[in-house]
Each structure stands twice: as structure tokens, then as C-alpha cells.
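Here's the structure, in C-alpha cells; my notes come after.
2 protein chains.
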Amino acid sequence: MTEQKALSKSLRVAVLAAAASTGFAAQADEGMWMPSQLPGIAGQLRQAGFQGDPASLADLTRPPMSAVVSLGGCTASFVSPRGLVVTNHHCAMGAIQLNSTPQNNLIANGFNAATQAQEVSAGPAARVFVTTAFERITDRILADARGKTGRAYYDVVDAASKAVVAECEQEAGYRCSVANMYYGTDFYLVRQLELKDIRLVYAPPEAIGNYGDEIDNFMWPRHSGDFAFYRAYVGKDGKPAAFSADNVPYQPPAYLTVSTDPVAEGDFAMLAGYPGTTYRHRMAMEFADQVQAGLPWRVDVLGALIGTIESASAASQDAQVRYASQLAGLKNGLKRAQGELDGLRRSEAVRVRREDEAAMLAWLARQPDAAATRADIEAAQALIAQSHASRERDQLFGLMRSQTQLLKSAYQLQRLAAERGKPDPQRERGYQQRDEALIEGALKQVQRRYDPMVEKALLAELLRRYRALPANQRIAEVDAVFGRDAAATQAALDTLYAQTRLGEEAERLRLLAAAPADVAAAADPLLRAAAQLLPAVLREEDADKARGGDLLRLRPAYMRALIGYRQSQGRAVYPDANSTLRVSYGKVSALEPRDGVHYVPLTTVAGILEKHTGQAPFDAPAPLREAIAKGDFGSTADPVLKTQTVDFMTNLDTTGGNSGSPVLDARGRLIGLNFDSNWEAVSASWMYDPRYKRAIHVDVRYLRWLLAKVYPAPHLLREMNLPAE
Amino acid sequence: MTEQKALSKSLRVAVLAAAASTGFAAQADEGMWMPSQLPGIAGQLRQAGFQGDPASLADLTRPPMSAVVSLGGCTASFVSPRGLVVTNHHCAMGAIQLNSTPQNNLIANGFNAATQAQEVSAGPAARVFVTTAFERITDRILADARGKTGRAYYDVVDAASKAVVAECEQEAGYRCSVANMYYGTDFYLVRQLELKDIRLVYAPPEAIGNYGDEIDNFMWPRHSGDFAFYRAYVGKDGKPAAFSADNVPYQPPAYLTVSTDPVAEGDFAMLAGYPGTTYRHRMAMEFADQVQAGLPWRVDVLGALIGTIESASAASQDAQVRYASQLAGLKNGLKRAQGELDGLRRSEAVRVRREDEAAMLAWLARQPDAAATRADIEAAQALIAQSHASRERDQLFGLMRSQTQLLKSAYQLQRLAAERGKPDPQRERGYQQRDEALIEGALKQVQRRYDPMVEKALLAELLRRYRALPANQRIAEVDAVFGRDAAATQAALDTLYAQTRLGEEAERLRLLAAAPADVAAAADPLLRAAAQLLPAVLREEDADKARGGDLLRLRPAYMRALIGYRQSQGRAVYPDANSTLRVSYGKVSALEPRDGVHYVPLTTVAGILEKHTGQAPFDAPAPLREAIAKGDFGSTADPVLKTQTVDFMTNLDTTGGNSGSPVLDARGRLIGLNFDSNWEAVSASWMYDPRYKRAIHVDVRYLRWLLAKVYPAPHLLREMNLPAE
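Order-wise, the sequence lines are chains E and Z. If you count by the working numbering, then the first sequence holds residues 0 to 724, one letter each, in order. If you count by the working numbering, then the second sequence holds residues 0 to 724, one letter each, in order.
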């Protein structure tokens with residue numbers, strides 16, 4: 000999977016903490032470090048080969064870290080004083096698509112603006128976020144929380160965060176967010192300049208930018224030129240502004256120097272970006288649950304849903320087409336879940352984490368505040384165990400809404416009707432005014448993705464599993480709507496789907512526009528069913544938030560114990576990833592994925608020709624093939640391999656959200672762009688196993704060669720101070 | 000594919016030639032050398048690392064070559080003075096299966112005779128052939144051929160060969176054959192002692208001997224313990240005898256010493272065995288035809304037949320079961336053809352061979368006898384072009400008989416009826432008395448592999464392609480039986496299959512037992528059709544033999560030119576493989592199968608656990624997994640890897656028939672057993688590409704460890720003079 004994260008922007012939150020980490024030595028090459036932690040691990044950074052001053056990396060508002068920006072889900076970086084931004088091709092895909100026409104298909108042909116005037120808008124939603132301030136605000140966020148528990152704790156933290164953000168965003172052109180670091184231990188305010196006039200400057204053809212597509216996805220060896228250039232523009236006053244022909248290039252506070260040196264196995268490398276979510280510091284019981292119950296259950300259910308769709312649509316080509324996308328999503332989910340399970344087992348993650356936690360608790364027992372800390376940890380464990388106990392029920396109930404089309408529509412219509420009664424800011428996320436267009440789009444799409452036979456079969460399978468749960472797991476509303484045994488369920492499904500009119504697009508859109516009270520009182524049986532189920536959903540959400548509040552209160556005890564224990568070992572603790580800026584360091588690394596196989600960490604253009612079939616996704620464009628055959632690689636050729644490199648692999652610590660992250664050498668110069676991980680590392684969100692965790696990058700020498708010799712953009716090379724060939 | 004070749008034993012022919020090769024230097028590591036050629040390439044053998052005396056390898060009736068025996072399709076070797084034979088597990092599969100019962104499944108459990116008394120018969124058909132004499136008899140074979148052409152040349156060579164064999168086999172216990180070396184240039188008589196009392200001594204469970212099965216087939220890295228032990232017995236008089244409890248172990252003229260030294264990348268290795276067929280010295284036009292027409296056509300037709308079976312059986316689960324085996328065979332054939340095509344293109348085989356041949360012809364033009372030689376070569380080329388011109392037609396006609404069940408049965412019954420009128424030795428191969436049991440078995444099997452819808456669809460597809468051929472390719476008999484257009488063909492097929500009674504097993508067996516004249520006159524429409532087609536088959540066979548006779552006469556001119564040209568380059572020429580004993584030498588070699596991937600040439604037991612799923616073919620037995628976990632590898636552990644190796648890879652030159660071949664070290668000691676090639680080398684039957692040609696072997700250290708620690712056979716270790724652990 001490419002390392003892009005579809006982040007709900009309303010949730011995007013980015014703060015850095017000056018954590019209790021100074022002077023620690025960390026596990027070699029593992030870690031998504033907050034820049035502020037880097038001076039504290041300066042010794043190990045230098046030992047690993049970094050030749051700059053670690054202190055210079057500590058402040059993300061100053062160069063070079065201020066050159067690293069977020070696109071909202073992807074990472075990018077400035078590479079010229081005139082606002083030139085480099086990121087992944089797949090991160091710029093929306094902009095490429097937007098500017099494509101049947102006459103000029105930029106996806107197929109690529110794009111190369113000869114002058115600034117020819118640069119095209121990346122669209123009104125495109126953003127570049129430049130961090131301008133950050134501040135620890137733990138005391139303010141938790142001021143009113145002391146002494147509270149459960150839902151009250153949650154609500155106080157939520158309200159304080161919203162107030163801080165609202166205050167911070169009073170100045171136009173800025174976007175603010177609050178980040179929760181170390182699971183509620185600390186909170187930070189991040190203020191970002193929100194650049195809104197973003198233009199597409201250069202993109203290779205998709206057959207280069209996404210060479211290998213789904214087949215090579217997650218795989219090494221890789222031969223993708225996954226890069227594209229944007230330019231950020233601002234108003235003539237230098238302030239963020241929407242697209243206008245009068246706008247001028249933004250002058251960033253810093254930009255990266257592109258390296259002209261070769262890259263080789265063992266070289267130091269570092270990477271900065273906005274990794275989304277990791278679970279490295281979850282408790283041992285959570286690791287065990289994931290490996291022993293969560294993932295196996297997920298594999299089982301996804302497999303069953305795949306089988307259900309396949310048999311229910313076996314006789315109908317039409318139904319097969321309608322469910323192709325949902326089926327592909329389920330298969331991808333199953334593959335990932337199985338890969339994560341295999342990886343966690345291969346790494347013996349449960350045993351490793353359990354032994355580590357036991358040692359931590361033994362250390363804790365010898366500390367002065369052991370009893371209170373231990374009590375909080377045990378209280379948190381009890382809450383987690385509680386959520387595990389109802390997980391299958393909760394997830395089955397969720398799948399009934401997410402894996403259906405008509406029932407989901409009915410539920411969305413009822414939920415929206417209920418939420419419309421509240422002031423907009425108090426509405427549930429996903430049901431605010433700005434979400435209504437999205438809901439309308441989904442209600443329109445139903446027609447292309449729905450078949451009553453298949454939807455009934457999916458619900459029958461989910462309800463069969465639901466009925467097999469222990470009696471104390473039953474939900475009264477679900478039983479009332481779908482009955483308590485197989486016969487009743489089948490009868491209920493037959494009636495609901497025979498009588499509902501939600502299969503008609505006009506009817507769904509009419510209900511979307513109807514008054515909330517009319518929706519709530521509508522007689523359509525599926526809408527009635529949704530109205531009956533709604534209280535159960537709200538009850539579950541409320542319980543989640545109450546538990547969430549208590550975990551926000553209790554988990555910090557565990558984190559403080561872990562940080563203290565690591566300190567006693569002379570090691571620092573990086574916070575789990577939460578979409579805030581992090582730095583990883585390591586080296587260009589080979590991989591032994593399995594016995595007898597060795598992956599070389601650099602690929603070459605020879606591999607492009609080897610994979611070329613003429614059919615997508617292996618349809619290397621003729622100009623590329625001709626240039627490879629010609630062998631004119633100039634200054635971008637590798638001095639040892641005597642040919643042009645394409646991608647390279649490091650052991651850098653990454654996860655989803657790191658797409659587009661600049662990969663830097665020992666002197667902080669740009670040597671690559673991160674764009675994927677290897678399949679063996681799919682379990683790395685839980686555990687970094689140095690034997691298997693690798694990150695996959697475009698070599699900037701490939702980028703330079705394409706710009707110099709294949710789809711020439713000499714003006715961009717000049718702008719980046721790079722040799723013409 | 001495992002390197003076993005199902006050889007028609009009546010065709011087995013083994014002779015060595017003292018070829019015109021003394022003093023040549025060959026292409027490094029390419030070559031299936033006749034032992035008699037080895038003294039001539041002694042320099043390069045020693046340079047490659049061989050530490051013995053090349054002269055000692057020259058005579059295959061003396062040690063150590065006399066330790067290398069044929070099982071008829073597989074190679075094996077003696078490893079003790081008491082007739083102990085080691086070969087591949089897959090070569091001993093027939094014997095293992097024969098001795099399996101529901102109560103004692105040797106396939107699943109393996110077999111380990113604690114004493115000689117417990118060794119079990121490998122069955123009445125099992126053989127070990129020990130070469131005892133060889134003699135160049137070119138003059139005798141060709142004595143009456145001079146001046147003849149075409150079919151007459153063929154018949155004279157055939158008659159002379161049969162006479163020589165009959166004379167040689169007058170002494171009981173011997174099997175003789177004539178080998179054609181360098182495409183008719185030389186003929187040799189091989190005399191072999193035919194040992195008939197072969198007993199199974201030891202076999203690991205299939206989950207070790209065939210670990211990975213079809214999934215790992217042709218693949219590296221590999222983790223298969225593909226070995227088993229036989230013992231050859233003779234009568235008390237020391238002469239070959241059928242199984243008898245009174246028989247005694249055979250005392251071989253030589254046996255191999257099993258190495259106790261480690262194996263490492265770069266080590267010298269050599270291999271002796273009976274490779275089946277290669278095409279390395281075919282003409283450039285044959286290479287071009289194979290790549291440009293033969294293989295693409297094969298890929299196309301096999302794909303079409305696969306599609307035909309799949310659609311014709313889509314609605315019937317029953318038909319799908321009946322055609323599962325034929326479908327698997329076609330898919331395997333398609334995969335191989337595509338792999339061969341891809342490999343020949345990757346190696347640019349046509350260009351390489353064409354340039355080499357052009358250089359040879361340029362050299363030839365400067366030789367005294369150039370004109371006559373060139374005339375013969377051109378005559379041969381014309382004949383080959385002729386056979387290429389009708390290849391599609393001939394192969395389609397062949398597929399009509401080989402890919403059907405009822406039409407094939409009808410044809411076999413008519414052909415047998417025709418052949419039964421001749422004295423047995425003059426009957427066509429496959430229709431002699433000894434073949435009748437096989438035909439009966441096939442006629443019985445029809446019931447399990449036949450569905451009229453599918454067979455008609457297959458014939459319709461083949462006939463559709465046949466009808467699309469140029470008019471001059473049409474066969475009158477085929478047109479008469481199946482009509483000249485689609486409608487006529489469909490009507491003919493409908494009538495034939497509606498009215499035939501050959502779908503009934505009793506009817507087929509009745510016809511098998513019936514008098515030839517009654518079969519020839521039978522009214523069954525499918526039998527009538529076969530009778531109508533028979534003259535066309537006979538005509539085609541006759542034309543093949545006539546062309547074969549002329550090529551036998553003309554190809555030697557090409558071979559003499561090639562040998563002379565190579566000699567001028569200081570290089571020797573090994574004859575193309577023809578199931579006679581050959582020796583390859585090379586080294587333990589890594590492989591770069593594609594850009595970014597490096598295959599390490601030794602695998603370890605860690606890979607067994609990595610692949611283990613608990614489900615066949617990756618269901619490593621518990622005793623093996625426990626022994627691996629225990630890590631007690633004793634003297635068989637690799638000193639560098641610090642663990643137990645399993646398989647290793649060399650660049651030795653092999654092909655089908657080399658299964659079970661002993662792999663020897665620089666001092667001639669047994670270090671492995673050959674059992675497969677890598678996928679990248681599937682085109683090696685035409686061209687040895689040193690970048691991709693590898694052979695895959697069981698490491699004898701794995702064998703020793705299994706015998707010492709996992710399924711102990713301390714008596715066998717003692718018998719082979721090996722340490723107990």
C-alpha cells in the first residue's frame with residue numbers, strides 16, 4: 000500500500016512535545032522521533048552517521064524541518080526558494096486527474112509546465128500546510144479534567160481542545176489543531192499556515208509514476224517513479240489566498256537541497272513526515288488480543304463476507320459488477336489482516352511485548368509511586384478487557400451498516416434527521432453541514448453498488464454470527480428488528496427488502512431533503528428499522544466515549560511507567576504516531592525476506608525492461624524504454640552499478656501518512672521520496688522488527704534523470720540548482 | 000518440474016562416443032560431456048577446481064562412473080559395497096506407493112527398514128541398469144546405408160540397430176541399446192546389466208521428500224528432502240534375478256563416498272546422469288521457428304483448449320471433475336511453453352544462435368570440402384522447412400487423437416487391429432504385445448475422464464483451427480469424416496457422438512478382445528471414422544520416417560562443420576543430450592533472477608518453518624519441526640551459517656532425466672542429489688544461458704541429519720561409513 004492516509008481533516012491534529020527523553024539511547028533504527036527529541040539522542044544520531052547538528056533538527060518551525068510540509072494525508076517538502084514542492088505522484092493524483100481531459104490525459108501523458116504561467120491549479124481543495132508555531136498546552140486542556148472520569152473527562156478534553164483551536168484560528172489563513180501525545184499524557188497546539196493556491200508543475204506519466212500499480216504494491220523490488228511537483232502560491236501580500244491568476248509563488252521559510260551524490264547500501268538516511276497511527280506502546284494484553292482474537296476474527300469474518308458476496312452473485316453478472324469494488328475492498332482488507340497476523344506471529348510480537356511489559360512492571364514495583372500507577376494501569380486493563388469482550392458484537396453491528404447499501408442509507412437518513420436538530424458544531428462528526436454533500440453523493444452511488452439478493456445474504460451472514468454470540472451480548476433493538484432465530488431473520492429480511500422504496504434514488508434524495516420529523520416518522524419499513532436501531536448505535540457511541548474518557552485519564556500511568564523504565568535502561572521513548580511531524584533515521588538496507596532470498600536495496604532501469612509487458616501496469620512508455628536502451632545516464636548514473644538506479648530501500652521507521660516524505664542523507668540533503676513499505680512490514684504498525692521493516696523510496700537520481708533526459712524539464716533542474724544532465 | 004523423464008524403455012539407447020574433442024576448451028560451465036571427452040578437457044576441469052584425475056572419469060564401466068546407474072528415466076548411484084542405491088524420493092515414488100496400505104501409508108509416514116530382511120520389493124518393473132560395456136559401431140550401423148536416402152536410409156539404420164541389440168541381448172540379464180550421437184554422426188552400442196530385484200530401504204515422509212510440491216516446483220528457494228534409498232539384489236550366483244527371498248545384495252563395481260565436508264558458494268561441483276533431450280545444436284532456423292512460430296502457436300492452442308474445456312464444463316461439476324487432470328496437464332504445458340518462450344526471448348537465443356551459425360558458415364566456406372557440406376546442410380534445411388510448413392496441421396491432427404477419449408479409443412482399437420496382423424517385432428511402437436495391457440488400462444480409464452459435451456467442444460475447436468489452414472494443408476480423410484465447414488463439422492460430431500457405443504466400457508473391452516477383421520468392419524460410427532482416418536496417420540508416419548531418414552543422413556554435415564568450427568576456436572562440442580551418461584561441471588552458484596533480487600545458493604531449515612502452514616504441501620512433520628526447534632545439528636551443521644542446510648543450487652548443466660543424479664565435489668565425493676531446475680532455466684533445453692541456468696540439489700548434509708536425528712537409520716550411516724550424528 001502506498002503510504003498515504005486518508006485523514007479526516009477535522010481530526011487532523013499536530014503537536015510536538017518536548018518529551019522526557021533527553022539523554023536517552025534508543026533501539027537502533029527504530030523510532031518515529033519528535034524533532035524536539037533529536038538533541039536528546041544526538042549521540043546515537045551521530046553514531047549512526049548523521050553529520051549535521053541534531054539541535055538544528057529540533058524546531059520544526061525553523062530550517063530544515065520547516066521545509067517539510069503536510070498536504071493533509073501526504074507529506075511533501077519545499078525544494079526551491081520559489082515555493083516548488085516535491086511529493087509522490089500518487090499524492091498529486093487528484094490534481095492530475097482534475098486537469099485531465101479526453102483530449103489531454105495527464106494521467107497517461109504526464110504533465111510538464113514549461114513556464115510558471117502554464118502551471119495549473121491542483122483544485123480548490125488542495126492544500127499545503129506549513130507549521131509556524133507549536134506549544135505545550137497540557138495544563139490548559141486538562142485544567143477542568145482533574146477529578147472527572149468517563150464521559151465527563153472526555154467531554155472536558157474535547158471542549159477545551161475545540162476552544163483552543165477556535166481561538167487559534169481567529170487569524171485568517173491559519174489552521175490549528177491539538178495533538179494528544181503518549182495517549183493523553185500531553186497535549187500540544189500546532190498552528191499551520193494554510194496555503195490554498197496549489198498548482199501542478201510536473202508529473203511523469205502514470206506508467207512511470209505508478210509503474211507496477213497493484214501488482215507491485217507493497218512489493219520489492221520496485222521500479223516506480225512515484226514523484227510529482229507542485230508549486231504553492233500566495234496573494235501579492237504574501238498571505239494565503241484562493242487561486243488567482245495574480246497570485247505569486249510562496250517564499251518558504253526553508254527548502255531542501257537535492258543531493259547529487261550516489262546512494263549505496265549502508266549509507267545513513269533519515270526521513271521526516273507525518274505518520275498516521277501506530278500501536279507500538281499498546282499494552283501486552285492488547286497485542287495478545289490482536290494476535291489471538293482480533294486479527295483471526297477479522298480474517299474469518301472478511302473471508303465469510305467475500306464468500307457470501309461471491310455465492311450470492313454467482314448467477315448474476317450484473318450483481319458481480321455491482322459488488323466488484325466492495326469485493327476488492329474486502330479482499331484487500333483480508334490480505335492486509337492476514338499479512339499483519341502473519342507478521343506479528345513471525346516476529347513473536349506477543350511474547351516480546353509481554354516480556355518487555357513484565358520487566359517494566361517489575362521495575363515499577365521498585366518505584367515510590369508504584370501502587371497508584373499500578374492501580375491506574377489495572378483499571379485501564381479492565382476497561383480494555385471490557386471493550387474486547389464486546390468487540391465481536393460491536394464490529395458485527397458496525398458491519399451491518401458499513402457493508403450494506405440500503406440499510407446504510409436508511410441509517411444515514413435517520414441519523415442525519417436526528418443530528419439536524421442540533422447546532423452544527425454539536426452535531427456528530429460525519430453528520431455536520433459540510434458532510435451533507437458527501438452523504439448525498441453516497442445516496443446517489445447506491446444504485447451502482449446494490450443488489451437486494453446480495454445485501455440480504457450479507458445481512459443474513461452477519462446476523463447468523465450475531466445470533467451465535469452469548470446471550471449477554473445481544474442487542475434488544477437488533478433482535479426486535481431482525482428476530483431471534485434464522486427463520487425470523489430470513490422473514491424479516493424478505494419483508495424489509497420487498498417493501499422498502501429506498502432502492503429508488505429519487506426516494507432517497509427526497510428523504511435527504513425532507514424535514515427531520517417526516518423522516519423519523521416515515522413508514523418505509525427499512526427507515527423504520529433504522530429508527531429502531533438508532534438508539535442502540537447512540538448507546539454504543541456513548542459507552543465508547545465514556546470508556547475513551549477513562550482511558551485518556553488512565554493510560555498516562557502506563558506511559559509514564561514505560562518512559563521511566565526505558566529511562567532506567569538509558570533509552571528514549573518516541574510517542575506512537577498520531578499524524579504529527581516525526582523523524583526516523585537508519586540506513587540504506589538490504590532485506591532477507593525469507594530463507595534463501597536476498598533483496599538488493601537498489602533497483603535499476605534494467606528491472607523496468609524486465610517487467611515491461613506492454614500491458615498496464617507494466618507498460619513503460621516508449622520514450623523511457625528508448626532512453627534506457629540508449630544508456631545515456633550522465634551524472635545520475637550510479638558509479639558502482641554503472642547504470643541508472645530507480646528506487647531504493649532503507650530500514651527507516653514509517654507508516655501510512657509517510658507518503659511523499661523526504662529522505663535525507665547524512666548532511667540533510669534530499670536523496671529520495673518515501674512512497675511505500677514492503678509486504679513483510681505490514682505488521683510494523685504494532686511492532687518494528689529490524690529484520691523485516693523496510694521503507695521504499697524513489698531515488699532522486701531517477702527523478703533527475705527523467706527531468707534531464709526523458710521528459711525534460713531543464714528549468715526545474717535549474718530552479719533546484721541541479722546539473723542539466 | 001522434477002527432472003524425471005518418462006522414457007519409452009524400448010527407445011532407451013545409451014552409448015558414449017570418443018568424439019573429436021581432445022584438447023578443446025569449452026564455454027565455461029556449459030556442457031553435458033560424454034565421460035570419454037573429459038580427458039580432452041582436463042585443463043579446464045582442473046582450472047574449474049577438480050582435484051581428481053580427469054582420465055579416471057573417462058570410462059563409464061570403471062569407478063567412479065560405474066557407480067552411476069540408470070533407473071530408466073531417473074539417475075541413481077551406488078553408495079555402499081552392498082548394493083545400496085540413493086536416488087530422489089520422486090524417483091522411488093512408484094515403489095513407495097506400491098508398498099503403501101491404508102494401515103501403513105508409506106507416502107505419508109515414510110519408510111525405514113531396520114534390517115535387510117525388512118526391505119520391501121520396489122515391484123516387478125523396478126530396475127537398476129549398470130553399464131558394463133560400450134562400443135563404437137558407426138560403421139556397422141551405417142554399412143548398408145551408404146547411398147540410400149529417405150525411408151530406405153531410416154529402415155536400414157533401424158534394422159541394423161535392432162540386429163545389434165538382439166545379438167547383444169542373447170546373454171541373459173543384459174539390456175542393450177544403440178545411441179545416436181551428434182544427430183546420426185556416430186552410433187554406439189551400450190550394454191547394461193539389468194538388475195531386477197530392487198528393494199525399498201528408506202524414504203522420508205512425502206511432506207519432507209516432496210515439501211512444497213507443485214507450489215515450489217521449479218522454484219528457488221527450495222526446502223525439499225527429495226531422496227530415498229534402494230538396494231539392488233541378485234541371485235546367489237551373482238546374476239540378475241527376479242525378486243526372491245533367497246537373493247543377496249548386489250556387489251557393485253564401484254560406489255560413491257559420501258562427503259562429510261561443508262558446501263559453500265563458489266565450490267566446484269560436478270554431476271553425472273542420464274539427461275533426456277536437448278536441442279542446443281539445432282540449426283538457427285530451428286531456433287527461429289521455435290521462438291517465432293512453434294512456441295507462440297503452442298501457447299495459443301493450449302490456451303484455447305484450456306478455455307474450451309473450462310467453458311464446456313462450466314455448467315457441470317461432474318464434467319469439471321472428469322477433466323481436472325487433463326486441464327492440469329494442459330495448464331502445466333502452457334506454463335512450460337510460455338516459460339520456454341520467455342526464456343528464449345530473454346536470452347536472445349535466436350540472435351545468438353544465428354550469429355554463431357553465420358560465423359560457422361563463414362569458417363566453413365574457407366574449408367576444402369565446403370561445397371559438399373554446404374549442399375547437405377541446405378538440403379537438411381529444406382527438409383526442416385518442409386516439416387515446419389505442415390507443423391500446425393500435423394499437430395492439430397495429433398491433438399485430435401491425444402486430447403480426446405472416445406476418438407482416441409476408436410483410433411487405438413483400429414490401429415491395434417491393423418498392427419495385430421504383423422509379427423510382433425514389426426508392429427509399431429506402442430502397439431506391440433507388451434503394450435496391450437497399457438492400452439487396456441487406458442480404455443478402462445475413459446469412463447473417469449470423458450464427457451461428450453467437452454469432447455465435442457474440443458474437437459470443434461481443433462477442427463475450426465484445422466479448417467482455417469491453407470487449402471493445400473487439408474487432409475482428405477479428415478474432411479471426409481468431419482466435413483468442410485462449421486455446420487458440417489457440428490452435424491458430424493453430433494451424429495458420431497449420439498450413435499457411438501464406445502462410451503460403454505464393456506463395448507470398448509469387447510472390441511479390444513475382438514478379431515482384427517471384426518474391428519475393422521465394425522459399424523460403430525466412431526470406429527468407422529477412425530478406420531477412415533487411419534490411412535492419413537500412416538501416411539504421415541511414413542513421411543516422417545522418410546524425412547527422418549534423410550535428416551539422419553544430412554545433419555551430420557552440419558555437426559561436422561560445427562565441431563570443426565569449434566575446434567578452430569579451441570573449443571569442444573558435447574553432443575546434445577540423448578539419455579546417455581553425461582557429466583557436467585560447474586560450481587555452487589547464486590542467482591540474480593531479476594533486478595533487485597539475489598537468490599542465496601544454500602537454504603536452511605529455517606525456511607522449512609517459514610513455509611510451514613500445516614496444510615499440504617507445506618505440512619512439515621512434527622518430528623522434523625521439533626528437531627529443527629531443538630537445533631541439534633551435530634556434524635551436519637554448516638560451519639558458517641551455524642545451522643542445518645537443506646538444498647543447494649549450482650550452475651550445472653542438466654535437463655529432464657537428471658533426477659537423482661549424484662552431485663560430486665572436487666574430489667569426487669557425493670555432496671548432493673540433483674532433483675530440479677529453476678524456473679528461469681526452463682528454456683535451457685535449447686540454450687544454456689549462464690546468467691539463468693541453475694540446477695537444484697538436496698544437500699547430503701540434510702540427508703545425513705535426517706538419518707541421524709529425525710528418522711534415525713544409524714545402520715545406513717554405518718553402511719555408508721558416515722558419522723552417527
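Backbone N, C-alpha and C define an ideal beta-carbon position, used for all residues, glycine too.
Going along chain E in order, which residues have a C-beta closer than 7 Å to the C-beta of residue i?
i	result
G733(Z)	Since the first and last residues shown for chain Z are 0 and 724, residue 733(Z) lies out of range.
E609(Z)	R593 and D594
Based on Cα-Cα distance, which residue from the options lies nearest to residue i?
i	options	result
I214(E)	R668(E), F617(E) and R145(E)	F617(E)
F110(Z)	M719(Z), A712(Z) and E718(Z)	A712(Z)
L326(Z)	L721(Z), A560(Z), R390(Z) and V453(Z)	V453(Z)
P295(Z)	T137(Z), A57(Z) and G332(Z)	G332(Z)
A241(Z)	V127(Z), V156(Z) and A348(Z)	V127(Z)
G93(Z)	K586(Z), G82(Z), P123(Z) and Q102(Z)	P123(Z)
E724(E)	K235(E), A370(E), T635(E) and V582(E)	T635(E)
G30(Z)	L706(Z), L716(Z) and P689(Z)	P689(Z)
N179(Z)	A589(Z), R552(Z) and V604(Z)	R552(Z)
S65(E)	Y598(E), G429(E), F133(E) and G502(E)	F133(E)
Y152(Z)	N677(Z), H597(Z), R546(Z) and L715(Z)	R546(Z)
A576(E)	A171(E), A113(E) and M686(E)	M686(E)
A318(Z)	Y449(Z), A348(Z) and R221(Z)	Y449(Z)
Assuming the contact rule is C-beta atoms closer than 8 Å, residue i and residue j should be a hit. Round their C-beta distance to whole Å, please.
i	j	result
V233(E)	P239(E)	6 Å
Y691(E)	P203(E)	Going by Cβ atoms, the distance from Y691(E) to P203(E) rounds to 30 Å, so no, they are not a contact pair.
T729(Z)	V645(Z)	The question about residue 729(Z) has no answer here: the residues shown for chain Z are numbered 0 through 724.
S660(Z)	N673(Z)	4 Å
A54(E)	S35(E)	Actually they are not in contact, since the Cβ atoms of A54(E) and S35(E) sit about 10 Å apart, beyond 8 Å.
V681(Z)	G342(Z)	5 Å
A268(Z)	K586(Z)	6 Å
Y249(E)	S69(E)	Going by Cβ atoms, the distance from Y249(E) to S69(E) rounds to 15 Å, so no, they are not a contact pair.
S588(Z)	P600(Z)	6 Å
Which same chain residues end up closer than 7 Å to residue i when comparing Cβ atoms and leaving out the 5 residues on each side of it in sequence?
i	result
T499(Z)	L405, D523, P524 and L525
V155(E)	D143, A144 and K147
S727(Z)	Chain Z is shown only over 0 to 724; residue 727(Z) falls outside these bounds and no answer can be derived.
R554(Z)	Y182, G183 and A379
Q431(Z)	D423
R297(E)	A336
Y557(Z)	M282, I376 and A379
S9(E)	At S9(E) the pLDDT is 29, less than 50, meaning the model places this residue with poor confidence and gives no usable figure here.
Please work out which residues of its chain come closer than 8 Å, Cβ to Cβ, to residue i, disregarding the five sequence neighbours upstream and downstream, and give them in chain order.
i	result
V163(Z)	I136, R139, I140, C175, V177 and L188
L508(Z)	E439, L442 and K443
G420(Z)	P515
**Prompt:** Would the stretch 224-231 of chain E and the stretch 76-85 of chain E be scored as touching if the rule is three or more Cβ pairs under 8 Å?
**Reply:** yes
**Item:** Cβ contact (3+ pairs, closer than 8 Å) linking the stretch 597-612 of chain Z and the stretch 559-568 of chain Z
**Value:** no
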